[in-house]
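Enquirer: The end of the sequence shown is residue 179 by our numbering, with every number in the run present.
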Amino acid sequence: MKVLVAEDDAVSRTLLGKILQTLGYEPILTVNGREALARIQREEIALLVTDWQMPDLDGPELCRRLRVPSRTAYTYIILLTALSGKSRYLEGLEAGADDFITKPVDPDELAARLKVGQRIIAMQKELRRMEGLVSICGVCKKVRDGQSWVPVERYVAGRTATSFSHSLCPECLAKQIAD
Numbered sequence: 001m002k003v004l005v006a007e008d009d010a011v012s013r014t015l016l017g018k019i020l021q022t023l024g025y026e027p028i029l030t031v032n033g034r035e036a037l038a039r040i041q042r043e044e045i046a047l048l049v050t051d052w053q054m055p056d057l058d059g060p061e062l063c064r065r066l067r068v069p070s071r072t073a074y075t076y077i078i079l080l081t082a083l084s085g086k087s088r089y090l091e092g093l094e095a096g097a098d099d100f101i102t103k104p105v106d107p108d109e110l111a112a113r114l115k116v117g118q119r120i121i122a123m124q125k126e127l128r129r130m131e132g133l134v135s136i137c138g139v140c141k142k143v144r145d146g147q148s149w150v151p152v153e154r155y156v157a158g159r160t161a162t163s164f165s166h167s168l169c170p171e172c173l174a175k176q177i178a179d
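(1) Taking S12 as the reference, which of T81, M130, I40, L66 has the closest Cα?
(2) Can you tell me which of Q176, Q118, L62, E171 puts its alpha carbon nearest to the alpha carbon of V3?
(3) Going by CA-CA distance only, name the one from E61, K142, A157 that's closest to V150.
(4) Compare the Cα-Cα distances from Q21 to each of T162, M123, I177, A111 and report the closest residue.
(5) Given a threshold of 16 other Cβ atoms within 10 Å of its Cβ, counted over all protein chains shown, does V5 qualify as buried or as exposed?
(6) Please report the Cβ distance between G33 and M1, rounded to the nearest whole angstrom; I am assuming they are in contact, meaning their Cβ atoms lie under 8 Å.
(7) Secondary structure at V150, three-state DSSP: helix, strand or coil?
(8) May I ask you to report which of helix, strand or coil DSSP gives D51?
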């Protein structure tokens, strides 16, 4: 699995790349938040490890840009920082980070947090798949909408700009004429 790394410090970036390779991941190394954002816009990447303090586009701002409502893909974000304290932790989470690791990076901790990220990404994909499923009664054609069943026309009209015009397909028309 690919893991995007945004780290401006060359030594830290190289070390993270080696740790990720050792853990069985395919690291994609970028030198700052702007480069990471451009990469994510070109290619869907599920896991991101980003430094907090970087010139031009820092980690929290990168998080905010990846959490815009118009973005449909989900990237699990781990913020790295030498900074500590509850206020920094909360600031990172409010910016959109999913997790937080204090430098220096412990390989075992990073491995555990990436596994959590993979579980979250898998659940997100399953949820998106299930959102596409619609329970429909095989007899009356009503659709399950939460705790109730509603006519398919009302269900679709409430969720899309679709409207229905009723007609008969050739088979039903032939059956109607025969009856």
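For glycine and all other residues, C-beta sits at the position ideal for the given N, C-alpha and C.
Quick caveat, the model's predicted, so the values are computed rather than measured.
Expert: According to the data block:
(1) T81
(2) Q118
(3) Selected option, being the one with the closest Cα: K142.
(4) A111
(5) buried
(6) Contact flag wrong, Cβ pair sits at about 21 Å.
(7) strand
(8) Of the three classes helix, strand and coil, the one that applies to D51 here is strand, per DSSP.
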